[in-house]
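One structure is given here, and the rest of the page talks about it.
Numbering (this note's numbering), first residue to last: 1 to 358.
This is how it looks when you write it as structure tokens:
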């Protein structure tokens with residue numbers, strides 16, 4: 001069977017690292033990975049692909065004037081690639097624009113579509129990712145679901161069971177498969193020694209969502225949080241390019257750099273960042289994937305958002321949602337949340353998916 005996987009961002013790639021390895025072991029799959037170029041930085045990508053010892057088979061040339069034009073070209077180029085390669089099945093992971101473009105191209109080419117991370121819902125249509133998730137699931141034939149909420153949402157939308165073998169399957173989380181597969185390299189990473197920080201004695205922070213960094217109010221609240229929590233523990237803050245740009249635009253970059261007990265660093269490679277997650281006392285974030293990674297690591301997580309599409313991290317895991325409330329954040333640090341790991345987050349999700357597709 002020839003399986004085409006469409007990716008476009010680093011989080012996408014993290015979710016599919018084990019497919020080619022397991023396909024080689026099984027011998028009954030030909031895995032083709034195409035990168036749309038949605039988010040592609042050569043300097044970072046080279047390190048990223050080298051760590052996983054895995055390169056996409058094909059890169060599209062991102063082109064167009066403006067978001068709509070770029071998106072249209074992405075669909076057209078993916079359609080042409082599918083016509084040339086004729087896969088048996090197309091898989092799209094996640095919820096980014098490349099996910100939707102891959103789904104639309106597969107639909108127009110009459111190819112069966114699988115959605116990895118199907119059924120997740122934040123119920124916030126102001127988020128482009130939420131719109132992408134809803135539209136992709138409407139086009140999907142086979143749903144691969146990471147948590148029970150995904151099954152529940154698909155059932156509510158009448159999408160959980162279709163004719164023949166097409167249905168929703170709770171398979172676990174392929175992002176956890178990547179952590180498990182590379183945990184030896186993650187644990188051996190020297191970043192804490194390099195920074196002179198002890199395990200469990202620092203807070204890791206990441207912020208990049210428009211609601212938090214595209215306005216002065218959000219950025220000033222982040223500064224307020226850092227000032228408060230850094231009185232007790234060092235804060236390690238890998239700066240997303242968007243976040244740094246907005247700090248400069250709103251004139252608070254010099255103030256950010258002047259904060260005490262904070263380590264501002266450039267975006268990190270996968271092994272380094274995962275080591276920081278694994279040994280932090282708490283992670284403060286607005287990322288979706290980090291909510292899952294901290295739950296798997298059983299690390300206290302404070303998510304600065306009004307909603308999440310990953311409720312298992314709240315109901316089962318170590319995650320807590322907070323809004324712009326410093327007292328609530330302080331309470332989360334004083335009483336870290338104890339949690340468990342959701343069912344099937346065991347490093348075997350990719351195996352289950354290939355079993356279903358075989």
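The C-beta atom is built at its ideal place from N, Cα and C for all residues, glycine as well. These numbers come from a predicted model, not from an experiment.
| Item | Value |
| --- | --- |
| CA nearest to the CA of residue 29, picked from 3, 234, 197 | 3 |
| Alpha carbon of residue 144 to alpha carbon of residue 342, nearest angstrom | 15 Å |
| Residue 171 in three-state terms, based on DSSP | coil |
| Close Cβ partners of residue 189 (< 6 Å) along its chain, the five nearest in sequence each way excluded | 271, 272, 275 |
| Cβ contact check for the stretch 127-137 and the stretch 82-98: 3 or more pairs under 8 Å | yes |
| Of the listed residues 197, 219, 216, 220, nearest to residue 236 (C-alpha basis) | 197 |
| Top-ranked residue by Cα proximity to residue 50, from 299, 269, 230, 333 | 269 |
| DSSP bridge partner residues for residue 33 (one or two, in chain order) | 5 |
| Boundaries (first-last residue) of the beta strand (DSSP E) holding residue 262 | 262-265 |
| Residue from 135, 207, 87, 257 whose Cα sits closest to the Cα of residue 242 | 207 |
| Residue of 220, 260, 226, 322 minimising C-alpha distance to residue 249 | 220 |
| Separation of residue 68 from residue 320, as counted between CA atoms | 35 Å |
| C-beta contact flag for residue 181 and residue 18 at 7 Å | yes |
| For residue 303, the residue or residues it bridges with in DSSP | 285, 321 |
| Residue range of the beta strand (DSSP E) that includes residue 213 | Note, residue 213: premise wrong, no beta strand (DSSP E); alpha helix (DSSP H) at 210-213. |
| Segment limits, alpha helix (DSSP H) that includes residue 273 | 270-279 |
| Whether residue 116 touches residue 106 by CB criterion (7 Å) | no |
| Residue 349 (DSSP reduced to helix, strand or coil) | helix |
| Residue 291 vs residue 305 beta-carbon contact at 7 Å | no |
| Alpha-carbon to alpha-carbon, residue 110 and residue 13 | 25 Å |
| Residues that residue 234 bridges to, as DSSP identifies them | 202 |
| C-beta neighbour in chain C for residue 312, strict 7 Å | Reference to chain C is not applicable here, since this structure consists of a single protein chain. |
| Nonlocal neighbours in the same chain, by C-beta distance under 8 Å from residue 20, ignoring five residues either side | 31, 33, 54 |
| Cβ pair residue 337, residue 174 closer than 7 Å | no |
| Alpha helix (DSSP H) segment containing residue 96, residue limits | Looking at the DSSP string, residue 96 is not in any alpha helix (DSSP H), and its letter there is neither H nor E. |
| Pick from 157, 156, 185, 146 that is closest to residue 169, judged by C-alpha positions | 146 |
| Nearest candidate by alpha-carbon position, reference residue 37, set 22, 10, 23 | 10 |
| First through last residue of the beta strand (DSSP E) which encompasses residue 145 | 142-145 |
| Contacts around residue 227, its chain only, beta-carbon distance under 8 Å, and the 5 residues preceding and following it disregarded | 259 |
| Environment of residue 300 [buried if 16+ CB atoms lie within 10 Å] | buried |
| Start and end residues, beta strand (DSSP E) containing residue 113 | 113-116 |
| CB contact flag (residue 302, residue 284, <7 Å) | yes |
| Continuous alpha helix (DSSP H) stretch holding residue 154: start and end | 148-156 |
| Ordered list of alpha helix (DSSP H) runs contained in the stretch 36-88, each at least 4 residues | 42-52, 67-85 |
| Inter-residue CB distance, residue 1 and residue 89 (contact presumed, cutoff 8 Å) | 7 Å |
| Backbone CA spacing between residue 35 and residue 102 [nearest angstrom] | 10 Å |
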